[in-house]
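Have a look at the structure below before the remarks.
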Amino acid sequence: MILPIIMAGGSGSRLWPLSRTHYPKQFLSLASDNTMLQDTIFRLSGIEHKPPFFICNNEHRFTVAEQLRKAEIDHSGIVLEPVGRNTAPAVALAALQAVKNGDDPLLLVLAADHVIRDNDAFIASVEAAIPEAEQGNLVTFGIVPTAPETGYGYIKQGHVRSDNSYSVDSFVEKPCLAKAEEYLASGEYYWNSGLFLFRASVYLKELEKYRPDILIACKETHLSSYPDLDFIRLDEEVFAGCPDESIDYAVMEPTENAVVVPMDAQWSDVGSWSAIWEVNDKDDSGNATKGDVLTEDTRNSYLYSQSKLVTTVGVDDLIVIETKDAVLVAHKDKVQGVKNIVNKLKAEERCEYLRHREVHRPWGSHDAIADGERYHVKHLFIKPGERMAIQLHHHRAEHWVVVSGTARVIRGEKEFYLSENESTYIPIGMEHAIENPGKVPLEIIEVRSGSYLGEDDIVRIQREGYLDSEEALFVDNDFKDKKKA
């Protein structure tokens, strides 16, 4: 039986301002109505498999869980990485978890941030790889190249093993254009997809052979792991000591059992805005648009609107991305420079590289809609049955206005309900909390006023039934990131 391993880490900074550290591209809807994570799982529908196993950053845990819930997707576990250590350790942890109960499945390692438009071809390649993996080989999927791409690594095929598989002659680093043209013309090279199929025990055996240091660190990490709700948590100190290495370098390059199966499935790792333009449907003028967009004399452009009307006149080959707090305008041939903008935002300690204006929480979300020197206005969205931890603030007061739904409010020692068009005032230093006891979403306009309005002006109050340690950890980690005034 196949156990899909979905790698859902990464920051995707080249797709800023949509992709950000706290909400990277795998959680966005960029090539369909589903998120990239959801599409990764849906394309497995033609393969007999166990519920997928997920690996993600600790800070993304609720996003992953929520997207799985919305898509009604079962899972075999969600491992939370406290720090990133690349693909070799991540897959080792998945393999160790898979063999824990005596199972030894075939691991289908997939990235959550790739686009595959020909699902039938994808399934056919996986099915062709199964006999090779069952024989103890480590299969990598080589993408049939369509252009002399310099942004990908390549795999050179060796001798023929079957109609659909070859031994791996060598892995090649990203080439210059002249080399890439040679590779394309030869017909012997494939783009390195970073997708794999192998038996869990075989991978662990090869890792022990070539990188025992990684396996030892992963075994120690796995022994110290523990369940927490739907998640599997890792000891940060132990895992931080694990070497940072990819599967390619750790295992696939040195092993004598590497096999490549070609995949011609309209694959893309959508690593830039020009790639997003390429994989989306276009109008007669070559434009791909999403959101509220109007064009005049515009060609071969990608135009994205999140919250405002975007219009273009007399432009060619442009990328225009509008979000609630940032706008990107770039030439399609210069989109690699987006990463430099992100680095400048980091250097200036601006929050726009880190998070969106609308921030998702376990209980819902909040959207900053107005700011002043001594006031801050948010739109709170609280899911049915959810609640916030009880808290107080030393420097700000809050005024809540219910605009939709019903709120159960704790205000000091009092508890009461508010319905639409009703409000309450929370003085400085008063304990308070909001709960949505209803069956429909609760929407509140929150107006903060005071001498200091930062998110770190918060004291959480332990009262039975209200302090949620998961929520507290999620928010408190966020406080470490300072917003530039």
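Residue numbers (the UniProt record's numbering): 1 to 485. Glycine included, C-beta positions come from ideal geometry on N, C-alpha and C. Note that the coordinates shown come from a computational prediction; the quantities given were computed from them, not determined experimentally.
Assignment of S167 by DSSP, reduced to helix, strand and coil, places it in the strand class. Going by beta carbons, T295 and T323 fall outside the 8 Å limit. In the three-state DSSP reduction, M36 falls in the helix class (H, G or I). Here T63 carries a helix assignment [DSSP, helix/strand/coil]. If you draw a straight line from the Cα of I276 to the Cα of A31, it comes to about 7 Å. CA-CA distance, Y154 to V168, rounds to 11 Å.
Under the three-state reduction of DSSP output, K383 falls in the coil class, being neither helix nor strand. Cβ-Cβ distances below 8 Å link E208 to L215 in the same chain, with the five nearest sequence neighbours on each side left out; the list follows chain order. The continuous alpha helix (DSSP H) containing I130 extends over residues 119-134. When the Cα atoms are used, L345 and L354 turn out to be separated by approximately 9 Å. Annotation for F239: the continuous alpha helix (DSSP H) segment containing it runs 236-240. Remark: C-beta atoms of R14 and V338 approach each other more closely than 8 Å. In its chain, beyond the 5 residues on either side, R43 have a beta carbon closer than 6 Å to the beta carbon of N119.
L204 carries a helical assignment under DSSP once its states are collapsed to helix, strand and coil. Bridge partners of G142 according to DSSP: N192, P262. The Cβ-Cβ distance between A389 and R460 falls below 8 Å. If the five residues before and after I123 are omitted, its C-beta is found closer than 7 Å to the C-beta atoms of G46, I47, all from its own chain and listed in chain order. Annotated three-state conformation of W363 is coil, per DSSP.
Runs of alpha helix (DSSP H) with 4 or more residues, each lying fully within the stretch 69-125, are found at 87-98, listed in chain order. About 6 Å separates the Cβ atoms of R161 and V259, confirming a contact at the 8 Å cut-off. Note on geometry: alpha-carbon atoms of D297 and Q67 lie some 38 Å from one another.
Fully contained in the stretch 369-433 are the following beta strand (DSSP E) runs of length 3 or more, in chain order: 375-382, 396-404, 407-411, 414-418, 423-426.
DSSP, reduced to helix, strand and coil, places P212 within a helical segment of the structure shown.
Out of I116, V91, F62, G187, the CA that lies nearest to the CA of P4 is found in V91. Around the Cβ of F416, a 10 Å sphere holds fewer than 16 other Cβ atoms; the residue is exposed.
Per DSSP, L345 is one residue of the alpha helix (DSSP H) stretching across 338-347. Ranked by how close their Cα comes to the Cα of E220, the residues D230, D235, D228 have D235 in first place. Burial state of A147 is exposed, judged by a 10 Å Cβ sphere holding fewer than 16 other Cβ atoms.
Its Cα nearest to that of R374, the residue E398 stands out among E398, H356, L96.
In this structure, L195 sits near F141, with a CB-CB distance shorter than 8 Å.
Taking a 10 Å sphere around the C-beta of L380, we find 16 or more other C-beta atoms and assign the residue as buried.
By a beta-carbon distance limit of 8 Å, E81 does not contact G12. Their separation comes to about 16 Å. When DSSP states are grouped into helix, strand and coil, W277 belongs to the helix group.
L442 carries a strand assignment under DSSP once its states are collapsed to helix, strand and coil.
With a 10 Å radius around the Cβ and a threshold of 16 neighbouring Cβ atoms, T150 comes out exposed. DSSP, reduced to helix, strand and coil, places S186 within a helical segment of the structure shown.
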